[in-house]
Amino acid sequence: MNTLMRRAQHLHHWRTYCIKQCAAVAGNEATAAAKGKTSYEELIDSRHQQAERSIVVQVSSEKSYNELYNYCSRFGRIVTAHHYTVPHEDELHYMLLEYANANEATAAIDSSAYNAELSSHSSVSAGGSVSGVPVRSPFLWFRAAAAAGKRNQSKLSANHKPLPLTTVAGTRPLAQDHLHTLLRSAESIEQQLQLLYEHTRLNDLGVRMRFLAALQVQQAIAGMFPEARAQPFGSSVNGFGKMGCDLDLILRFDGATTAQSERQLMSRLVYHTKENLSNGRSQTQRQMECIGDLLHLFLPGVCHVRRILQARVPIIKYHHEHLDLEVDLSMSNLTGFYMSELLYMFGELDPRVRPLTFSIRRWAQSCGLTNPSPGRWISNFSLSCLVMYFLQQLRQPILPSISAMVKTAASTDIRITEDGINCTFARDMERVSFASRNTSSLSELLLQFFEFYSQFDFHNRAISLNEARALSKPDHSAMYIVNPLEQLLNVSKNVSLEECERLRIEVRNAAWILESEVENSTLTEQERNEQSWGLLNLFKHPEKAVIRPNMFFKPRMVEVSDLFEKSQLNGSTTTPPINYKNATMRQQVQSIKAATRNELKQLRESSTATSSSSSSTTVTASAMPTAKSKRNR
Ligand code: GTP
Ligand code: MG
Numbered sequence: 022m023n024t025l026m027r028r029a030q031h032l033h034h035w036r037t038y039c040i041k042q043c044a045a046v047a048g049n050e051a052t053a054a055a056k057g058k059t060s061y062e063e064l065i066d067s068r069h070q071q072a073e074r075s076i077v078v079q080v081s082s083e084k085s086y087n088e089l090y091n092y093c094s095r096f097g098r099i100v101t102a103h104h105y106t107v108p109h110e111d112e113l114h115y116m117l118l119e120y121a122n123a124n125e126a127t128a129a130i131d132s133s134a135y136n137a138e139l140s141s142h143s144s145v146s147a148g149g150s151v152s153g154v155p156v157r158s159p160f161l162w163f164r165a166a167a168a169a170g171k172r173n174q175s176k177l178s179a180n181h182k183p184l185p186l187t188t189v190a191g192t193r194p195l196a197q198d199h200l201h202t203l204l205r206s207a208e209s210i211e212q213q214l215q216l217l218y219e220h221t222r223l224n225d226l227g228v229r230m231r232f233l234a235a236l237q238v239q240q241a242i243a244g245m246f247p248e249a250r251a252q253p254f255g256s257s258v259n260g261f262g263k264m265g266c267d268l269d270l271i272l273r274f275d276g277a278t279t280a281q282s283e284r285q286l287m288s289r290l291v292y293h294t295k296e297n298l299s300n301g302r303s304q305t306q307r308q309m310e311c312i313g314d315l316l317h318l319f320l321p322g323v324c325h326v327r328r329i330l331q332a333r334v335p336i337i338k339y340h341h342e343h344l345d346l347e348v349d350l351s352m353s354n355l356t357g358f359y360m361s362e363l364l365y366m367f368g369e370l371d372p373r374v375r376p377l378t379f380s381i382r383r384w385a386q387s388c389g390l391t392n393p394s395p396g397r398w399i400s401n402f403s404l405s406c407l408v409m410y411f412l413q414q415l416r417q418p419i420l421p422s423i424s425a426m427v428k429t430a431a432s433t434d435i436r437i438t439e440d441g442i443n444c445t446f447a448r449d450m451e452r453v454s455f456a457s458r459n460t461s462s463l464s465e466l467l468l469q470f471f472e473f474y475s476q477f478d479f480h481n482r483a484i485s486l487n488e489a490r491a492l493s494k495p496d497h498s499a500m501y502i503v504n505p506l507e508q509l510l511n512v513s514k515n516v517s518l519e520e521c522e523r524l525r526i527e528v529r530n531a532a533w534i535l536e537s538e539v540e541n542s543t544l545t546e547q548e549r550n551e552q553s554w555g556l557l558n559l560f561k562h563p564e565k566a567v568i569r570p571n572m573f574f575k576p577r578m579v580e581v582s583d584l585f586e587k588s589q590l591n592g593s594t595t596t597p598p599i600n601y602k603n604a605t606m607r608q609q610v611q612s613i614k615a616a617t618r619n620e621l622k623q624l625r626e627s628s629t630a631t632s633s634s635s636s637s638t639t640v641t642a643s644a645m646p647t648a649k650s651k652r653n654r
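Residues 22 to 654, numbered by the working numbering, are exactly what the sequence shown covers, in order.
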């Protein structure tokens with residue numbers, strides 16, 4: 022009865038969802054859905070401005086807030102206040118305060134004293150007889166009242182009623198066990214997918230902090246390069262970032278402001294400019310080395326600076342200890358910036374795109390398909406491309422092709438990078454004018470994703486998000502995803518054959534597990550709260566894995582005998598010593614084995630017909646039963 026009610030409830034949610042979706046596509050369709058959506062550039066601009074109105078102040082504890090609020094209110098009206106901590110020997114505490122306007126934040130920063138007692142007071146970079154060059158930045162420290170002089174004490178008691186803190190410990194990710202409890206308490210897999218997204222995505226404070234890191238770099242060089250802009254991109258801004266994600270930053274010297282473009286056309290006075298001393302790439306490397314030194318030597322909070330200048334896109338990596346943030350700074354990766362804009366737009370075009378991508382990224386991480394460091398495995402970015410392509414190629418697509426976005430571009434959308442790469446596509450969601458009639462739920466899409474890539478012919482086909490279709494593979498890369506903005510390049514060139522094969526196996530496992538989870542709704546409410554179900558079983562790896570990867574590492578072929586107990590192959594009915602979760606699961610496994618035995622028998626028969634010399638039977642990985650074929654049986 023309970024199950025029936027739950028199913029009915031699920032059906033009801035699902036219907037409401039469909040009705041909402043259909044309403045969105047009816048009538049004014051795409052235009053209505055696109056109205057009021059913030060464009061990527063608007064988002065970046067508004068976050069930059071927000072950073073210019075903000076300061077970060079290190080305090081001794083969260084309890085210092087009232088005093089800090091009183092003190093800082095003298096410079097202007099504080100409109101939001103966040104608290105966060107950074108792990109250290111003891112936790113370090115910080116407040117991020119946002120003023121009503123940038124002048125007020127500037128006044129607070131300009132009122133600050135230089136730290137004359139660096140060695141005894143800087144809690145992060147403490148050490149012997151350290152001294153430092155005073156640098157102006159939005160990263161401040163709130164020292165004890167006594168040190169600030171008795172004269173100011175009367176002002177401190179001005180007693181403004183402090184604005185409530187928007188967050189306390191606002192950057193702390195949800196602990197794994199809490200997340201699991203939350204997911205267990207969900208009503209359906211559908212709800213689990215939404216909860217996972219809502220509770221693991223980068224929050225507002227996380228974005229604010231990332232734009233402050235960018236502003237610090239920009240302000241540090243503003244004297245010599247007033248037009249330079251440090252722009253966050255990647256998962257920090259495209260809506261696909263999770264709590265704690267790295268910051269990708271591009272430092273642009275080309276001054277993209279309107280005022281600058283006007284001057285460029287109108288002014289008769291032109292800056293004398295030093296000619297590049299060497300060719301483009303080595304010049305960029307030298308400049309980055311120099312910027313790296315500047316960050317390393319002078320910027321408060323910046324530490325562990327590493328220069329990776331030989332990579333295709335040279336970067337400087339550093340850690341920001343006041344923000345507890347890893348930063349990748351580049352100067353020549355504008356296509357990455359525009360690619361983030363494309364991903365941002367995809368995320369905005371349909372509310373299912375981000376929750377779906379989040380669950381797939383988490384699944385890939387849990388089964389070791391992705392890894393934070395680059396290597397022969399698939400990157401999060403390539404994985405996101407796989408998700409986007411899957412959503413484009415559906416019978417009722419959920420996303421448009423990139424070429425459709427290029428076709429609807431206006432003249433204001435033209436973007437050509439310094440090295441001549443055309444990154445033009447419609448930026449305005451209304452112009453893109455795309456509305457999906459696809460009413461699939463998130464859980465259905467997740468299963469379809471796994472089934473789709475179980476069947477995808479990575480061996481011969483390349484994925485094109487530009488055309489929203491698969492093309493013939495132009496080279497022998499194991500996985501080929503056409504780089505949407507540089508179409509002669511392969512985004513997933515780094516992926517090895519083994520890793521590609523592993524992906525194929527894992528998507529099959531996932532499809533199988535997920536389908537069993539969808540079918541298996543016999544758990545009572547109490548059981549649901551107490552044991553793993555739904556997405557949790559998808560993330561519970563490797564105990565749950567059904568087809569083991571090492572079965573396939575015999576050059577992409579599998580000895581079928583590995584899949585069956587000897588007794589079964591010999592026709593004996595001895596029960597294998599396996600504990601199945603329930604009867605349905607046992608039945609499913611047995612029917613798959615039976616079906617595979619049949620396939621084997623047929624293979625044997627046909628191979629005996631064609632070659633009597635064959636003594637051992639092997640099948641390729643693609644002959645393995647998929648969840649789809651399982652269902653059809
Ligand atoms: P995580 O850092 O893993 O959270 O994801 P991310 O999306 O930030 O990926 P990553 O830091 O690797 O890359 C940052 C951004 O650069 C991506 O979001 C893309 O926009 C872009 N990018 C990454 N790889 C490529 C590539 O091969 N070609 C292009 N054009 N852009 C890329
Ligand atoms: Mg990133």
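Just so you know, even glycine gets a beta-carbon here, dropped at the ideal spot from N, CA and C.
Proximity to Asn-459 across Asp-371, Leu-468, Phe-477 and Ile-329 peaks at Asp-371, based on C-alpha coordinates.
In this structure the segment 249–261 lies against the segment 55–73, because at least three pairs of beta carbons, one per stretch, are closer than 8 angstroms. Judged by beta-carbon spacing, Gln-71 lies beyond the 9 angstroms limit of Ser-158, meaning their Cβ atoms are not closer than that value. Listed by position in the chain, the residues whose beta carbon lies within less than 5 angstroms of some heavy atom of the ligand MG are Gly-255, Ser-256, Asp-267 and Asp-269. In the same chain as Lys-58, and ignoring 5 residues on each side of it, the C-beta atoms closer than 7 angstroms to its own belong to Glu-369 and Met-450, in chain order.
Measuring C-alpha to C-alpha distances from Thr-433 to each of Gly-322, Leu-184, Pro-247 and Phe-446 identifies Phe-446 as the nearest. Taking the Cβ of Thr-127 as the reference point, every heavy atom of the ligand GTP lies at 8 angstroms or farther away.
The closest heavy atom of the ligand GTP lies less than 8 angstroms from the beta carbon of Val-512. Linking Ala-243 to Arg-250 through their CA atoms gives a straight-line distance of about 9 angstroms. By the C-beta density criterion, Val-154 is exposed, having fewer than 16 other C-beta atoms within 10 angstroms.
Counting only residues of its own chain and dropping the five nearest sequence neighbours on each side, Ile-76 has a CB closer than 7 angstroms to the CB of Leu-118, Ala-126, Ala-129, Ile-130, Pro-159 and Leu-161. Bounds of the beta strand (DSSP E) holding Val-100 are 99–107.
Excluding sequence positions up to five before and after Thr-187, its CB lies within less than 6 angstroms of the CB of Thr-101 and His-103, all in the same chain and listed in chain order. Your pair Arg-74 and Phe-232 does not check out as a contact, with CB atoms roughly 11 angstroms apart and the cut at 8 angstroms. A Cβ-Cβ distance of about 6 angstroms is found for the pair Glu-520 and Ile-399, placing them in contact under the 8 angstroms criterion. For Leu-203, same chain residues with a beta-carbon under 8 angstroms away, outside a window of 5 residues either side, are Leu-195, Leu-216 and His-220 in chain order. DSSP, reduced to helix, strand and coil, places Tyr-339 within a strand of the structure shown. Taking 8 angstroms as the cut-off, one finds no heavy atom of the ligand GTP near enough to the beta carbon of Asn-224. A straight line joining the alpha-carbon of Asn-91 with that of Ser-209 spans about 47 angstroms. Each of Gln-414, Tyr-339 and Leu-270 was checked against the Cα of Ser-457, and the nearest Cα belongs to Gln-414. Non-local C-beta neighbours of Leu-346 in its own chain, meaning closer than 8 angstroms and more than five positions away in sequence, comprise Met-230, Arg-231, Ala-234, Asp-267, Leu-268 and His-340, ordered along the chain.
Comparing C-alpha distances from Glu-362 to each of Leu-506, Leu-200, Leu-184 and Asn-558 shows the shortest one belongs to Leu-506. Taking the C-beta atoms as reference points, Ser-424 is found nearer than 9 angstroms to Ala-489. Look at Thr-391 here: in three-state DSSP terms it is coil, with no helix or strand label.
A residue is called buried once 16 or more other Cβ atoms fall within 10 Å of its Cβ, and Phe-411 is buried on that count. Taking C-beta atoms under 8 angstroms as the contact rule, Leu-509 and Arg-373 fail to qualify, at a distance of about 32 angstroms.
The closest CA to that of Leu-377, considering only Asp-225, Glu-283, Glu-211 and Gln-308, is found on Glu-211. No residue range can be given for Glu-83, since it is assigned to no beta strand (DSSP E) and is classified by DSSP as neither H nor E.
In this structure, Pro-505 has its beta carbon less than 8 angstroms from a heavy atom of the ligand GTP.
For Ser-405, the CB contacts under 7 angstroms within the same chain, skipping 5 residues up- and downstream, are Phe-261, Leu-364 and Thr-378 in chain order. Under DSSP, no beta-bridge partner is assigned to Asn-487. Considering only Phe-246, Glu-472 and Cys-93, the residue with the shortest C-alpha distance to Ile-526 is Glu-472. Asp-275 counts as exposed, since fewer than 16 other beta carbons sit within 10 angstroms of its beta carbon. Of the other Cβ atoms in all chains shown, fewer than 16 fall within 10 Å of the Cβ of Gly-441; this residue is therefore exposed.
Not one heavy atom of the ligand GTP sits closer than 8 angstroms to the Cβ of Thr-429.
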